[in-house]
Every structure is written in C-alpha cells, then in structure tokens.
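Student:
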Amino acid sequence: MSQLRVLIISAIIAILAFAALSSSYVIKRDIADIRKQNAKDAQALQDKFETFTEDTECEPDQIACIKGDFAKCATVATEDGKLVNKYQIQKCNTGLTCFALPLVTKPGTSLVCTTKEDRDARFDQAEKNLKR
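When the letters of the sequence shown are read in order and numbered with my numbering, they come out as residues -16 to 115.
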C-alpha cells in the first residue's frame, strides 16, 4: 500500500512539473510574440507621426511625436476666440528625439524622448526577444 501511495505521489509531482514547464514555455512564447507585435505597432505609429504637424486633428490629451518632439493635444483659443484642438509641442532635451517604442512585458507602445541608438537597441531587443 505504501509503495502505491509513493507511486501515485510521484506521478502527481511529475504531472505538475511537466505542466509548469509547459506553461512556462507558453508564457515565454506569448511574451516573444507580444514583443515582436509591439515593435511592429511602434514602427507603424512612428510612420504615422511622420505626417503629423501641430495642426493635425486631435483629441484633448492625445499624445504624438511631431518633428522629433513630444506633443500633447490641448484645446486652445484662436485669435478670433474660437476653441480648437491643437498639438502643443514640448521640446525634447538636447540630443534626444521623440520616438514610439515597444513595451516589453505587455501589449502596447510608449512615447519617449531618447537617443536614436537607444531606440534602435530597444527595437532590436523586441524583435529578437532579448532580455535587457
């Protein structure tokens, strides 16, 4: 009877260990896919921003990178008193440029002022699923 109990417990432990390894692989695979998709999404967003100007239609609090600088949409009054939504440019610090970057651990992108070298490294990391 005790040998049967040990055998059952051993089988349960083996099943749980296999399940843990399998789910770990699935999670790693999902993270790799998320990172690669985030890189694609960030590049598509960056390409879209290439067409933006301060006068591009926007919704309040919407953010973008315009001509290499960070921009946030705000409602402003025109000279004739009319309220319009317009991007307000916030310059990046010297040597930095606004880029759309891929998030690392969850779906999405972020907009940050950074160097082109950092941007390229982050895209390389995301596309190759490298740890930083």
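Just so you know, even glycine gets a beta-carbon here, dropped at the ideal spot from N, CA and C. The structure displayed is predicted, hence computed values, not measured ones.
(1) What did DSSP end up calling N76 once you bin it into helix, strand or coil?
(2) Suppose the cutoff is 8 Å on Cβ atoms and the five residues either side in sequence are ignored; what does the same chain contact list for N76 look like?
(3) Would T34 be called buried (16 or more neighbouring beta carbons within 10 Å of its own) or exposed?
(4) With a threshold of 7 Å on Cβ separation, who are the neighbours of D38 within its own chain once the five nearest residues in sequence on each side are excluded?
(5) DSSP three-state call for L66: helix, strand or coil?
(6) Taking C-beta to C-beta, are L79 and T92 nearer than 8 Å?
Tutor: The relevant details are as follows:
(1) coil
(2) Cβ-Cβ distances below 8 Å link N76 to C96 in the same chain, with the five nearest sequence neighbours on each side left out; the list follows chain order.
(3) exposed
(4) K69
(5) L66: strand per DSSP, three-state reduction.
(6) Between L79 and T92, the gap from beta carbon to beta carbon reaches 8 Å or more.
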